[in-house]
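Trainee: Converting from the sequence shown to my numbering requires adding 243 to each position, the first position being numbered 1. Even for Gly, the Cβ is constructed at its ideal location relative to N, Cα and C. This structure is a prediction, so every number in the text was calculated from the model and none was measured. Sharing a structure with you now.
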Amino acid sequence: MLPLEAPSHPDPYPSYASLRLRGGLQYLEAPNLWVASDAATVTEAFEQPACHVRPRREPVPDMIADGPAGELFGRLMRMNEGEAHQASRQRLIPFLDALDDEEIARLTRHRLDASDAPAPSDTMFRVPVTVIAALLGCPPEHEAWLAERTSRFVAGLNPLGHTARRDAAHRAAEDLMKVVSGFETLPAGPKDALASEVLVANLIGLLSQTHDATAGLIGNTLLALRKHPALRESLTRRPEGITALVEEVERHDPPVHSTKRYVEAPCRLGGTRLAPGDTVLILTASANRDTSLAPDADHFRLDRRERVSFSFGAGRHHCPGRRLALGIATHVITGLLERREYFNTLHHHGYLPSRHGRIPRLTSTQEEHA
Ligand code: HEM
Numbered sequence: 244m245l246p247l248e249a250p251s252h253p254d255p256y257p258s259y260a261s262l263r264l265r266g267g268l269q270y271l272e273a274p275n276l277w278v279a280s281d282a283a284t285v286t287e288a289f290e291q292p293a294c295h296v297r298p299r300r301e302p303v304p305d306m307i308a309d310g311p312a313g314e315l316f317g318r319l320m321r322m323n324e325g326e327a328h329q330a331s332r333q334r335l336i337p338f339l340d341a342l343d344d345e346e347i348a349r350l351t352r353h354r355l356d357a358s359d360a361p362a363p364s365d366t367m368f369r370v371p372v373t374v375i376a377a378l379l380g381c382p383p384e385h386e387a388w389l390a391e392r393t394s395r396f397v398a399g400l401n402p403l404g405h406t407a408r409r410d411a412a413h414r415a416a417e418d419l420m421k422v423v424s425g426f427e428t429l430p431a432g433p434k435d436a437l438a439s440e441v442l443v444a445n446l447i448g449l450l451s452q453t454h455d456a457t458a459g460l461i462g463n464t465l466l467a468l469r470k471h472p473a474l475r476e477s478l479t480r481r482p483e484g485i486t487a488l489v490e491e492v493e494r495h496d497p498p499v500h501s502t503k504r505y506v507e508a509p510c511r512l513g514g515t516r517l518a519p520g521d522t523v524l525i526l527t528a529s530a531n532r533d534t535s536l537a538p539d540a541d542h543f544r545l546d547r548r549e550r551v552s553f554s555f556g557a558g559r560h561h562c563p564g565r566r567l568a569l570g571i572a573t574h575v576i577t578g579l580l581e582r583r584e585y586f587n588t589l590h591h592h593g594y595l596p597s598r599h600g601r602i603p604r605l606t607s608t609q610e611e612h613a
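Shown next, in the form of structure tokens:
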């Protein structure tokens with residue numbers, strides 16, 4: 244199994260452990276990649292200034308470059324370095340940091356409680372994206388539409404998807420730019436700090452970054468609870484433990500397994516010399532289980548004193564949505580644990596095809612009989 248196929252494998256962790264045991268960077272010839280899998284090398288890779296989030300020769304993936312989805316992608320802070328990255332980050336972080344935990348809880352529960360037995364696709368994808376939509380100022384009657392367009396945009400970015408999806412992604416990007424530019428989300432920033440099309444692209448970025456990753460976090464937590472009925476019982480009685488559950492799932496069976504870096508200048512990582520044009524796969528899901536972080540890092544334990552995880556990245560591109568994602572997931576799981584029969588109706592059918600994400604395919608008995 245290659246690390247790029249691993250996130251959708253039933254159990255990729257033994258193969259990560261054997262990579263990690265070798266330490267430093269490992270070269271894989273077929274995909275022409277260097278892999279960083281232990282905590283020290285992963286930390287170094289995230290902090291190395293010569294390792295960029297996109298290759299200089301292809302700032303926007305060729306498959307979408309020619310259209311609105313490519314234009315939007317090219318403006319995302321996640322996909323830029325230097326001034327373009329910093330300016331968007333500085334504008335959005337105060338907004339994300341100021342979000343109120345009570346408000347996140349209220350918005351999440353209100354959307355979850357619209358149904359007694361929500362389908363897993365609703366709890367995993369629709370609820371989180373509509374919460375972000377509401378926080379961005381989307382009128383309630385347009386939230387479902389916005390979530391659906393976000394799904395189409397995200398599906399078009401998946402290199403494992405087909406051409407029809409790319410066309411749909413271009414149309415969705417156009418729709419999203421038009422509609423989100425009408426939201427009164429952020430207080431005005433310092434004059435000329437950020438062009439309005441860049442700001443709007445990055446607000447859409449918040450919706451699209453939420454879409455798959457938060458779905459994977461909720462889905463993998465549902466799987467953990469389905470596997471451990473005793474844990475379900477104890478957390479139903481003691482819901483204050485649900486935050487630790489979500490954080491342990493995020494560390495132990497994370498929704499994002501890896502990310503890539505492209506070498507722009509000669510540098511060293513894990514003792515290996517790298518040259519411009521080299522690509523590094525940062526295997527965060529493996530580094531989370533490095534025993535140098537905790538001797539029992541391979542075990543699933545809610546009572547950890549200190550939990551170290553790379554699932555939300557590190558360094559200059561680390562995820563600014565961590566608190567929001569954990570908050571939404573915690574309140575979704577709390578609401579589902581109150582529906583006592585919910586977990587007995589869940590069916591697991593492997594994982595969605597993805598190079599970096601681990602998102603279970605879940606259905607409910609009600610859906611299958613509908
Ligand atoms: C469980 C859910 C999530 C996970 C596991 C996750 C993970 C990550 C990771 C690993 C990165 C860094 C990528 C890299 O360095 O290559 C990242 C970046 C980012 N995430 Fe998240 N994320 C999640 C949810 C969210 C949410 C809810 C938001 C926003 C509302 C968000 C917004 C962002 C943004 C804007 C970036 C780019 C930051 C930058 O480039 O400076 N994420 N995320």
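For the beta strand (DSSP E) that A279 lies in, which residues bound it at each end?
Mentor: Looking at the DSSP string, the run of the beta strand (DSSP E) that includes A279 is L276 to A279.
Trainee: So the candidates are L595, R511, L569 and S331; which of them puts its Cα closest to the Cα of G432?
Mentor: It is S331.
Trainee: Can you say whether S439 is buried or exposed, counting buried as having 16 or more other CB atoms within 10 angstroms of its CB?
Mentor: When all chains shown are included, S439 counts as exposed.
Trainee: Out of curiosity, what's the CA-to-CA distance linking A508 and R559?
Mentor: So the two alpha carbons sit approximately 18 Å from each other.
Trainee: Cβ-heavy atom distance between L567 and ligand 1 below 7 Å?
Mentor: Checking the Cβ of L567 against ligand 1 gives yes.
Trainee: Report the residue ranges of all alpha helix (DSSP H) runs contained in full by the segment 330 to 400; include only those spanning at least 4 residues, in chain order.
Mentor: Those alpha helix (DSSP H) runs which fall completely within the segment 330 to 400 and span 4+ residues are 344 to 355, 370 to 378 and 386 to 400.
Trainee: Please report the straight-line C-alpha distance between H353 and D455, rounded to a whole angstrom.
Mentor: Distance between the alpha carbons of H353 and D455 is about 21 Å.
Trainee: Relative to the alpha-carbon of T534, which residue among G513, A249, S280 and P304 has its alpha-carbon at the smallest distance?
Mentor: Nearest option by C-alpha distance: S280.
Trainee: Which residue comes first and which comes last in the beta strand (DSSP E) that contains Q269?
Mentor: Where Q269 is concerned, the enclosing beta strand (DSSP E) stretches over L268 to L271.
Trainee: Tell me where the beta strand (DSSP E) around L589 begins and ends.
Mentor: L589 -> beta strand (DSSP E) spans L589 to Y594.
Trainee: To test your reading of the DSSP string, which unbroken alpha helix (DSSP H) runs of 4 or more residues are found completely within the segment 276 to 330?
Mentor: Within the segment 276 to 330, the complete alpha helix (DSSP H) runs of at least 4 residues are 282 to 290, 305 to 308 and 311 to 317.
Trainee: Identify every residue that forms a DSSP beta bridge with P563.
Mentor: DSSP, once it has assigned bridges, lists no residue as partnering P563.
Trainee: Could you compute how far the alpha carbon of S554 sits from the alpha carbon of N531?
Mentor: C-alpha separation (whole angstroms): 8 Å.
Trainee: Of the choices A312, L545, D305 and E549, whose alpha-carbon is the least far from that of K421?
Mentor: Checking every option, the nearest Cα to that of K421 belongs to A312.
Trainee: By Cβ distance, which residues of its chain are closer than 6 Å to Y585, with the 5 residues on each side in sequence left out?
Mentor: Taken in chain order, the residues that qualify are L579.
Trainee: Skipping 5 residues on each side, what residues in its chain have a beta carbon closer than 6 Å to that of A415?
Mentor: Hits under 6 Å: R392, R395 and F396.
Trainee: Going by the DSSP bridge assignment, what does G600 pair with across the sheet?
Mentor: Paired residues: V499.
Trainee: What is the C-beta distance between T464 and L488, in whole angstroms, given that I count them as a contact (C-beta under 8 Å)?
Mentor: About 6 Å separates the two Cβ atoms, so the contact holds.
Trainee: Could you check what DSSP says for R469 in three-state terms: helix, strand or coil?
Mentor: Here R469 sits in helix by DSSP.
Trainee: Near L545, what residues of its chain come up, given a Cβ to Cβ distance below 7 Å and the 5 sequence neighbours on each side ignored?
Mentor: The answer, listed in chain order, is G484, A487, L488 and E491.
Trainee: Which one of F543, E290, R550 and A436 has the shortest CA to CA distance from R334?
Mentor: Cα-wise, what sits closest to R334 is A436.
Trainee: Check R532 in the structure and name its three-state DSSP category.
Mentor: In this structure, R532 counts as coil in the three-state DSSP scheme.
Trainee: I'd like to know whether the C-beta atoms of L342 and I447 end up nearer to each other than 8 Å.
Mentor: Not a contact, by the Cβ cut-off of 8 Å.
Trainee: Could you check the C-alpha separation between S552 and G520 for me, to the nearest Å?
Mentor: Taking the straight line from one Cα to the other gives about 29 Å.
Trainee: Which residue from E345, P304 and R300 puts its Cα closest to that of V506?
Mentor: Considering only alpha carbons, the answer is R300.
Trainee: Of the choices D359, G399 and V370, whose alpha-carbon is the least far from that of E386?
Mentor: Cα-wise, what sits closest to E386 is V370.
Trainee: Rounding to the nearest angstrom, what Cα-Cα distance links L512 and L350 in this structure?
Mentor: Going from the Cα of L512 to the Cα of L350 covers about 43 Å.
Trainee: When the Cα atoms are used, what is the spatial distance from H592 to A360?
Mentor: Distance between the alpha carbons of H592 and A360: 19 Å.
Trainee: Quick one: residues in its chain with C-beta nearer than 6 Å to the C-beta of L276, no 5 flanking neighbours on either side, listed in chain order?
Mentor: Here the set comprises T522 and L524.
Trainee: Who are the near neighbours of F368 in its chain, counting only those whose CB is closer than 6 Å to its CB and skipping five residues on each side?
Mentor: Here the set comprises A458.
Trainee: By Cβ distance, which residues of its chain are closer than 6 Å to R318, with the 5 residues on each side in sequence left out?
Mentor: Same-chain partners within the cutoff: V441 and A444.
Trainee: Beta-carbon within less than 6 Å of W388's beta-carbon, same chain only, minus the 5 sequence neighbours each way: which residues are those?
Mentor: No residues qualify anywhere along the chain.
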